[in-house]
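Take a look at the structure below.
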Amino acid sequence: MDITHILDGLNDRQRDAVTAPIGNLLVVAGAGSGKTRVLVHRIAWLVEAEGASPGGILAVTFTNKAAAEMRGRVERLLEGPARAMWVGTFHGIAHRLLRMHWADAGLPQNFQILDADDQLRLVKRVMRALDLDEQKWPARQAVWFINHHKDEGRRAKDLPRNDADIYHVTHLKVYEAYEELCAQGGLVDFAELLLRSHELWLERPDILDHYQRRFKHLLVDEFQDTNSIQYAWLRVLAGTSADVWAVGDDDQSIYGWRGAKIENILSFRKDFADVQTVRLEQNYRSTSTILRAANALIDNNAERLGKNLWTDAGDGDPILVYSGYNDLDEARFIADRTQSWIQRGGSADDVAVLYRSNAQSRVIEEAFLRLDIPYRIYGGLRFFERAEVRNALAYMRLISQRHADVAFERVVNTPPRGIGAKTVEAIRNIARANGVSMWQAAKEGIARGLFTGRAAAAIGAFLKLIDDMAGNVKDCALHEIAECCIETSGLMAYHSRERGEQGIARRENLEELITACRQFGGELVLPLTPTGEEAGQASELEEFLDKAALDAGEYQSGGTAAQMMTLHSAKGLEFPLVFMAGMEEGLFPNRQTEREPGRLEEERRLAYVGITRAMQQLYFTYAETRRLHGSQSHNWPSRFLQEVPEDCLQEVRMGGDVSRQFRTLHNGADDEADQDEAGVRIGQFVTHATFGEGVVLQAEGHGDRTRVQVNFSRAGAKWLMLAYANLKTVGD
DNA sequence: GTGGCCTCTCTTTTT
DNA sequence: GAGAGGCCAC
2 MDITHILDGL NDRQRDAVTA PIGNLLVVAG AGSGKTRVLV HRIAWLVEAE
52 GASPGGILAV TFTNKAAAEM RGRVERLLEG PARAMWVGTF HGIAHRLLRM
102 HWADAGLPQN FQILDADDQL RLVKRVMRAL DLDEQKWPAR QAVWFINHHK
152 DEGRRAKDLP RNDADIYHVT HLKVYEAYEE LCAQGGLVDF AELLLRSHEL
202 WLERPDILDH YQRRFKHLLV DEFQDTNSIQ YAWLRVLAGT SADVWAVGDD
252 DQSIYGWRGA KIENILSFRK DFADVQTVRL EQNYRSTSTI LRAANALIDN
302 NAERLGKNLW TDAGDGDPIL VYSGYNDLDE ARFIADRTQS WIQRGGSADD
352 VAVLYRSNAQ SRVIEEAFLR LDIPYRIYGG LRFFERAEVR NALAYMRLIS
402 QRHADVAFER VVNTPPRGIG AKTVEAIRNI ARANGVSMWQ AAKEGIARGL
452 FTGRAAAAIG AFLKLIDDMA GNVKDCALHE IAECCIETSG LMAYHSRERG
502 EQGIARRENL EELITACRQF GGELVLPLTP TGEEAGQASE LEEFLDKAAL
552 DAGEYQSGGT AAQMMTLHSA KGLEFPLVFM AGMEEGLFPN RQTEREPGRL
602 EEERRLAYVG ITRAMQQLYF TYAETRRLHG SQSHNWPSRF LQEVPEDCLQ
652 EVRMGGDVSR QFRTLHNGAD DEADQDEAGV RIGQFVTHAT FGEGVVLQAE
702 GHGDRTRVQV NFSRAGAKWL MLAYANLKTV GD
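Sequential numbering of the first sequence, starting at 2, is according to the numbering used here.
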């Protein structure tokens, strides 16, 4: 068979990785070194050169997007569908396994996936039942505790019961109660998917054996992002019979906060037999200036496997640094530069604006709107996470399974229909007392006259509503079911009654959901393509609901547009023009991470990921003052800027009228004055301006030395101010 | 039971 | 600045 097409265009190292003899291999692949390409070609190599059966290949990634792309590229390379191959996310594959082996895994056949929001609600309820003060015991922390231990493979029973630590003991109680509730309701959260399928391996050697016989080649993408349970799962599955081919980059490990273990890369070499290592260090993406910056920055991290990216590409332009006087100015600058990129013949598609936190996107979005530049925002609230969409899904869930308590609680009084907290509480109690679902409890409660007249009528109407809907949509297509739920339940009317833009947006989202349902059957993008023997029994409706939980619906329709996203979601992507916005201490590196050990290095890796997204031109921008959480804050430029070699950088000065130099102006001593003063050098004559809320800045030009008075409207302001020359822009 | 208004807190990243 | 929860009038 002619296999040259698999090797064409690969460099030597890449070929080494693709054609490595069957056996365990670790590919340490730097940013932009063709990682995905190599992985895809490896699969093709296995099939065409090694004669591997596609059904014996399992490829795991972390995001649905990556999985879909991988499958697409493999199929293009092999020139045909590879249905028998398993390609998916860890969660998706675990889910598939549990759907097929539900009984062996100790789950009810119709177990439901609990997404992050459901989980939080459930934990809150557990904590309320345990009489824990919500102020003192934030539910989020309990959720973190639970997930953290599950990610490490520990159930409540595996944890020490009598610990001196009240924090531990209390959370353990919550964990236990939560586990019990999940078991009763047949609920499986994200971490549980992994944990349980790992346990399935351990407890059912026959099933493990079946899959070990089947999967001979395991490929793992983004290996640095695996957590303990994923690693363990993989190790057990591989056993001694399969080879593992893993690609990763320790410098791009940015998910330590949710349990990812870079150490897995090191453990891999210890735990698996004869692991060969291939390094991909030639970068095909960026200019050498950009690479030099990235290398210098990441060199500040102590814990690294060590690797140095290099490129044949020329220097390219320096990285441009812009210091906005506030976040609005920063945003406007980014939009301006994007516009001129487009005017010079570039495409909006080429441009990405990256930031540390989603909250930063708004001002940038507004700046793009003002200039009429098309843009697309990734992240934030995803489609399937929006309240109105979740409400509609809950109705669909109830139609499919009446005993789905999570869904029941969610919509029993949404839209409001006279079933208040008290009544719901009563239903819950009946359910708990009798060990039945809330649906059943509501029914029995009515029959036995346990509710007041008004409540009984309201509940009865709700039960009937659901039953009627279910009857009406029996033979309907998925999108008709959705439509029926949205209309008949009164959700559409309820949400569109909401005032302002919000109501309009909700309405549109509900319509969008109907569209999504309509398209669902067509291009079924399941985490795994089931083969005939394995296809589950689930109805289309149930499959859709699973998908909604597992794949938050990263939703974007076509059209060229500049992209805005967090640094985290930019991993794996590349753009000719990249802006990294908000390069400020406190924001990036993020203040929250200061205290936790090791987190600064992770922030730095995040910066490394950001820088290496850029192909031709990179901008760092920051704002000297920024509105954050509703109030003004002043931040120093990020330390990461100083970690980049100075000769890679060039400061942008706006027009001729800006020349700015700033100093800490200081001040401190209360007795000094009610006016803060300091000498600030600004190149040019400046008069005065206002900016921010009631803050007046006055300056008088004396050539190079200008005396600036900073009057804060707030008493006792103790900080310093920065001086701006471009004052005509102030306050807009 | 509902809806409006108040205050409070919490601000990261997401399969 | 937004979302959640508490409180009060209807």
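Even glycine gets a Cβ: it sits at the ideal position worked out from N, Cα and C.
Small disclaimer: the values here were computed from a predicted structure and weren't measured.
Check this for me: beta carbons of residue i and residue j, under 8 angstroms apart or not?
{"i": "Tyr-609", "j": "Ala-165", "result": "no"}
{"i": "Glu-734", "j": "Gly-73", "result": "What the structure shows of the chain is the stretch from 2 to 733, and residue 734 is not part of that stretch, so it cannot be assessed."}
{"i": "Pro-161", "j": "Leu-650", "result": "no"}
{"i": "Leu-642", "j": "Met-584", "result": "yes"}
{"i": "Leu-47", "j": "Val-276", "result": "no"}
{"i": "Thr-415", "j": "Ala-456", "result": "no"}
{"i": "Ala-140", "j": "Leu-121", "result": "yes"}
{"i": "Arg-411", "j": "Ala-395", "result": "yes"}
{"i": "Ser-348", "j": "Tyr-356", "result": "no"}
{"i": "Val-739", "j": "Leu-196", "result": "Here the chain has residues from 2 to 733 only, and residue 739 is not among them."}
{"i": "Val-322", "j": "Phe-521", "result": "no"}
{"i": "Asn-435", "j": "Ala-442", "result": "yes"}
{"i": "Thr-288", "j": "Gln-593", "result": "no"}
{"i": "Leu-123", "j": "Leu-182", "result": "yes"}
{"i": "Ala-483", "j": "Ile-460", "result": "no"}
{"i": "Arg-383", "j": "Ala-553", "result": "yes"}
{"i": "Val-19", "j": "Leu-298", "result": "no"}
{"i": "Ala-45", "j": "Leu-79", "result": "yes"}
{"i": "Asn-510", "j": "Arg-377", "result": "no"}
{"i": "Thr-549", "j": "Phe-409", "result": "The amino acid at residue 549 is misidentified as Thr; the sequence shows Ala. Taking 8 angstroms as the Cβ cut-off, Ala-549 and Phe-409 do not qualify as a contacting pair."}
{"i": "Arg-519", "j": "His-480", "result": "yes"}
{"i": "Leu-201", "j": "Ala-106", "result": "yes"}
Excluding sequence positions up to five away, which residues of its chain have a Cβ less than 7 angstroms from the Cβ of residue i?
{"i": "Asp-675", "result": "A caution first: Asp-675 carries a pLDDT of 30, below 50, which makes its placement in the model unreliable, though a value can still be read off. None."}
{"i": "Ser-570", "result": "Tyr-379 and Gly-380"}
{"i": "Ala-274", "result": "Asn-25"}
{"i": "Phe-334", "result": "Tyr-323, Gly-325 and Thr-622"}
{"i": "Gln-231", "result": "Phe-91 and Leu-195"}
{"i": "Asn-148", "result": "Ala-192"}
Evaluate residue i with the Cβ neighbour count: other Cβ atoms within 10 Å of its Cβ, from every protein chain shown; 16 or more gives buried, anything less gives exposed.
{"i": "Cys-477", "result": "exposed"}
{"i": "Gly-611", "result": "buried"}
{"i": "Thr-626", "result": "buried"}
{"i": "Asp-207", "result": "exposed"}
{"i": "Gln-564", "result": "buried"}
{"i": "Asn-327", "result": "buried"}
{"i": "Gln-110", "result": "exposed"}
{"i": "Pro-590", "result": "buried"}
{"i": "Gln-136", "result": "exposed"}
{"i": "Ala-303", "result": "exposed"}
{"i": "Tyr-168", "result": "exposed"}
{"i": "Leu-267", "result": "exposed"}
Leaving out the 5 sequence neighbours to the left and right, which residues in its chain are closer than 8 angstroms to residue i when beta-carbon positions are compared?
{"i": "Phe-112", "result": "Leu-99, Trp-103, Gly-187, Leu-188 and Val-189"}
{"i": "Pro-82", "result": "Glu-76"}
{"i": "Gly-504", "result": "His-496, Ser-497 and Arg-498"}
{"i": "Thr-603", "result": "Residue identity check: residue 603 is Glu in the sequence provided, not Thr. Excluding sequence neighbours, Glu-603 sits near Ser-254, Ile-255, Gly-257, Trp-258 and Thr-594."}
Ordered along the chain, which non-local residues of its own chain (more than five positions away) have a Cβ less than 6 angstroms from that of residue i?
{"i": "Ala-458", "result": "none"}
{"i": "Thr-227", "result": "Asn-265"}
{"i": "Ile-263", "result": "Gln-225, Asp-251 and Ser-254"}
{"i": "Thr-489", "result": "Met-470"}
{"i": "Ser-242", "result": "Gln-213"}
{"i": "Ala-624", "result": "Gly-325, Asn-327, Asp-328 and Glu-331"}
{"i": "Val-170", "result": "Asp-164"}
If residue i sits next to residue j, beta carbons under 8 angstroms apart, how far is it from one beta carbon to the other, in whole angstroms?
{"i": "Val-29", "j": "Thr-278", "result": "6 angstroms"}
{"i": "Ala-332", "j": "Ala-368", "result": "4 angstroms"}
{"i": "His-92", "j": "Leu-551", "result": "6 angstroms"}
{"i": "Asp-252", "j": "Arg-606", "result": "6 angstroms"}
{"i": "Leu-619", "j": "Val-579", "result": "5 angstroms"}
{"i": "Trp-342", "j": "Val-352", "result": "6 angstroms"}
{"i": "Arg-418", "j": "Phe-463", "result": "6 angstroms"}
{"i": "Arg-391", "j": "Ser-438", "result": "Contact doesn't hold; Cβ gap of about 20 angstroms is too wide."}
{"i": "Thr-290", "j": "Gly-317", "result": "5 angstroms"}
{"i": "Asn-284", "j": "Gly-573", "result": "Actually they do not touch by this definition, with Cβ atoms about 15 angstroms apart."}
{"i": "Ala-1", "j": "His-172", "result": "The shown model of the chain, from 2 to 733, leaves out residue 1, and the question about it has no answer."}
### Task
Flag this pair as touching only if the stretch 215–234 and the stretch 33–53 have three or more C-beta atom pairs under 8 angstroms; answer yes or no.
yes
### Query
Just checking, does the stretch 112–131 make contact with the stretch 177–187 on the three C-beta pairs under 8 angstroms criterion?
yes
### Query
On the three-pair Cβ rule with 8 angstroms, is the stretch 540–550 touching the stretch 383–400?
yes
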